[in-house]
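Below is one structure, written out as structure tokens; the observations come after it.
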Amino acid sequence: MAKVEEVPKRSNLWLDQKSGVSISGKLFDPITSVFFIVLAVFSFIVFWPIVSVIEFKAAFAAPAVPFLINIFKTFGLQGEDTSRIIFVFAFMAATAGIYLFVRDLIFRQVTPIFAALLYIIPPVPLFVLSFLSRGLNLVELASAESFLSVIYGQLDSFLALSLIPFAAIFFLRFLKNGSSVKFTAGTVIAAVIFLTNQSQSLSLILVLSVLTVTELFLGQARLKLRRFLQFLAVGGLLCAFWYLPIFLSRPQVILASPFFSNLKYLFPLPFIVGTLSLLFSFVVFGRREDRQGIFASFLLFIVFFSLTADWLINGRTYAAHPNRLISDLMMFSAMVLALSISMFFDKLNLVKYLNFENWPTAGKILGTITFGLFSFLVILIGSILVSPLAIKFVSGPYGIWIRVKSALILDRDANIGAGENFRLISQVPLNWQLYAGIAISLGVLVILIFNLLKNLSLDEDTDNGS
């Protein structure tokens, strides 16, 4: 009788669930809800003291932030105060958002906790600890403002970036089950991003495209591709009142943008590298939904790393403001690094050793918070040790930091020079294009609300609690 050869078992990489906490498919379970709030409050406690004394300067090409500034002005708050409130709100939303996004991709608790903490850690050893211990002079505060603007984005860019994880969550859930609730919530958030910052609007489209690619490999490709296009179309049409007049009156501005003028650089090398990366990721992905989070995280990192590196090395870019790609890269770098750290914790098998699954809900919540605080302290100590090396690596007269900071300053000065501080640069003319855009936006909004109410009961049955 012939001997049967044993086939080696395929590795599960990070998803062998050795330290994975079994959690429900709901967007908010008790532990997730508590930690979502704790992370938002924690980021406020850490950053509000220094943000509250920083002087921000910005002018805007999209209307959302000027609209908020004017609303707060009716309550007696000046633009400077409102800018600080918006910036710290963006910190809270981005920190909690990246936690929720990674948790929704991975369906674990350890990895999203690490992702959120890694995302907020860069300024802490350089500025926050110094500010809390001895205060910062005007020059140091200006440096802190530049650092925060580079790492997280300028005022409107950071606010838009902080909303991307939420739009991505609702989009991915809509892509999977066609939920009208998720579709409505996602398209509204996407529209807010489109009306907040144009650079991050492009980043949102890239993120949604990558998530769509990961879903296409899981089946029902034509249906999901149709949902992707439907999502972008509705999100864009909700903003027709703003962008349609600009497009119809000044189409040359869009056609002459860096995105269209640099499309020729996509071939051949970037296209080949992108295709090989996609094929390699697919081999690792293996059409397994439990690996989708890893697949999506690495693809997002590769996309934004490639775009940023192409700008820094070759001086060409597909974005009008390439320095703003740094903030996107920081967010997705935190996700990839969190996955790597989770791999180490998988080897320790701590969850099984501590019998965490059998703890009561209150114990799980307290244990998760304790774990998060301990992790933050460990990451903080590590960042303090690593920061001098990182500064030395990126600094210098020809270093990356000088180049990015110079682009940031030129970008901001050009915007302020085109208008005034905290003012809207672009103005939409009062003509038929504006009225057509308003009619389209209102019509799409009415249809969206009608569709939501019509399918609300059906969504409750098919997507209960998610």
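The numbering used here applies: residue 51 is where the sequence shown begins, and numbers increase by one.
Heads up, the beta-carbon is just placed ideally off N, CA and C, and yes, glycines get one too.
- Closest by C-alpha distance to M381, out of F106, F164, T132, F122, is F164.
- Of all alpha-carbon atoms in L205, I391, G285, the one lying nearest the alpha-carbon of G432 is that of I391.
- Taking F216 as the centre and dropping the five residues before and after it, the same chain places the C-beta of G147, I239 closer than 6 Å to its C-beta, in chain order.
- Rounded to the nearest whole angstrom, the C-alpha separation of L484 and A290 is 9 Å.
- With contacts defined by Cβ atoms closer than 9 Å, D131 and I219 do not form a contacting pair.
- No Cβ-Cβ contact shorter than 9 Å links P99 with V174.
- For the options L209, W409, S83, S102, the alpha carbon positioned closest to that of L150 is the one of S83.
- With a cutoff of 9 Å on beta-carbon distance, F157 and G343 are scored as near each other.
- At a Cβ-Cβ threshold of 9 Å, A111 and Q248 count as neighbours.
- Distance from the Cα of G286 is smallest, within the candidate group L326, R277, L245, for L245.
- Judged by DSSP secondary structure, R272 falls within the alpha helix (DSSP H) whose first and last residues are 271-287.
- Take the alpha-carbon of A388 and the one of L168: they are about 7 Å apart.
- Ranked by how close their Cα comes to the Cα of F85, the residues I214, A166, T264, D378 have A166 in first place.
- Of all C-beta pairs linking the stretch 364-373 to the stretch 338-352, fewer than three are shorter than 8 Å, placing the two stretches out of contact.
- Counting along the chain, T161 sits inside the alpha helix (DSSP H) bounded by residues 160-170.
- Checking the DSSP bridge columns, you'll see F110 partnered with L474.
- Spanning the alpha carbons of V386 and Q159 requires a straight line of approximately 15 Å.
- In terms of Cβ geometry, L258 and F278 form a close pair [threshold 9 Å].
- For S491, the CB contacts under 6 Å within the same chain, skipping 5 residues up- and downstream, are L288, A290, F291 in chain order.
- Straight across, the Cα-Cα distance linking R473 with L282 is about 28 Å.
- The Cβ atoms of V96 and I170 sit closer than 9 Å to each other.
- With fewer than 16 other Cβ atoms inside 10 Å of its own Cβ, G365 counts as exposed.
- For the 9 Å CB-CB criterion, D461 and Q204 form a contact.
- The stretch 205-243 contains, as complete alpha helix (DSSP H) runs of 4+ residues, the segments 205-227 (chain order).
- In the three-state reduction of the DSSP assignment, L258 falls in the helix class.
- Following the DSSP letters along the chain, one finds T367 in no alpha helix (DSSP H), marked with neither H nor E.
- P295 places its beta carbon 9 Å or farther from that of G493.
- The closest CA to that of I450, considering only F197, F351, G126, I475, is found on F197.
- With a contact defined as Cβ atoms closer than 8 Å, I104 and L191 qualify at about 6 Å.
- Counting only the Cα atoms, T262 lies some 30 Å from P172.
- Shown here for F354: same chain residues with a beta carbon closer than 7 Å to its own, the five before and five after excluded, namely L375, D378, L379, F382 in chain order.
- R153: member of the alpha helix (DSSP H) spanning 129-156, first to last residue.
- E195 is not a Cβ neighbour of L268, given a cutoff of 9 Å.
- Under the three-state reduction of DSSP, S437 is assigned to helix.
- Of all alpha-carbon atoms in G417, R223, I243, the one lying nearest the alpha-carbon of L77 is that of R223.
- Residue range 80-101 is occupied by the alpha helix (DSSP H) that includes W98.
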